[in-house]
Amino acid sequence: LHLGHVYLEAGRQGLDSRQERFSFALHTMGSTVIAGAATTLVAGLVMQLCQVVFFNQMSTLMVLTIVYAVVYSLFSFMAMLYVMGPQGNFGDLSWICAKRRGPMP
Numbered sequence: 074l075h076l077g078h079v080y081l082e083a084g085r086q087g088l089d090s091r092q093e094r095f096s097f098a099l100h101t102m103g104s105t106v107i108a109g110a111a112t113t114l115v116a117g118l119v120m121q122l123c124q125v126v127f128f129n130q131m132s133t134l135m136v137l138t139i140v141y142a143v144v145y146s147l148f149s150f151m152a153m154l155y156v157m158g159p160q161g162n163f164g165d166l167s168w169i170c171a172k173r174r175g176p177m178p
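Position in the sequence shown (first residue = 1) + 73 = the numbering used here.
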């Protein structure tokens with residue numbers, strides 16, 4: 074979510090090519106995403122030591138969710154944006170909606 078938002082925001086800041094937007098998104102939000110994942114992952118790993126079954130199962134859910142989310146967001150999602158993400162006005166839904174409505178009176 075955060076990486077996609079920054080990727081789109083890069084277009085509003087004058088970066089039009091996919092490569093520029095990709096780089097901007099990773100430099101701006103990549104470390105934040107990794108830091109958030111790391112803190113949640115550590116909390117989940119600490120909870121693995123609990124003897125209460127609920128906490129143990131909840132920590133397994135947390136750890137697996139974070140691992141899958143990081144792998145998907147940093148590798149699959151960002152690779153898709155690099156290859157076929159919005160570029161210029163191509164794929165920008167707000168631009169398409171504005172064109173369809175026409176000029177505002």
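Beta carbons are placed, not taken as given, at the ideal position from N, Cα and C, and that holds for glycine. This one's a predicted model, so the numbers in the text were calculated from it and none came from an experiment.
Below 7 Å CB to CB, which residues in the same chain sit around residue i once its five sequence neighbours on both sides are set aside?
| i | result |
| --- | --- |
| M131 | M120 |
So what's residue i in DSSP terms, helix, strand or just coil?
| i | result |
| --- | --- |
| Q160 | strand |
| S90 | coil |
| V125 | coil |
| L166 | helix |
Looking at the secondary structure, which residues open and close the alpha helix (DSSP H) in which residue i lies?
| i | result |
| --- | --- |
| V119 | S104 to M120 |
| Y145 | Element bounds for Y145: n/a, residue is neither H nor E. |
| H75 | H75 to R85 |
Whose C-beta lies closer than 6 Å to the C-beta of residue i among residues of the same chain, with five residues either side of it excluded?
| i | result |
| --- | --- |
| T101 | V79 |
| F97 | A83 and L88 |
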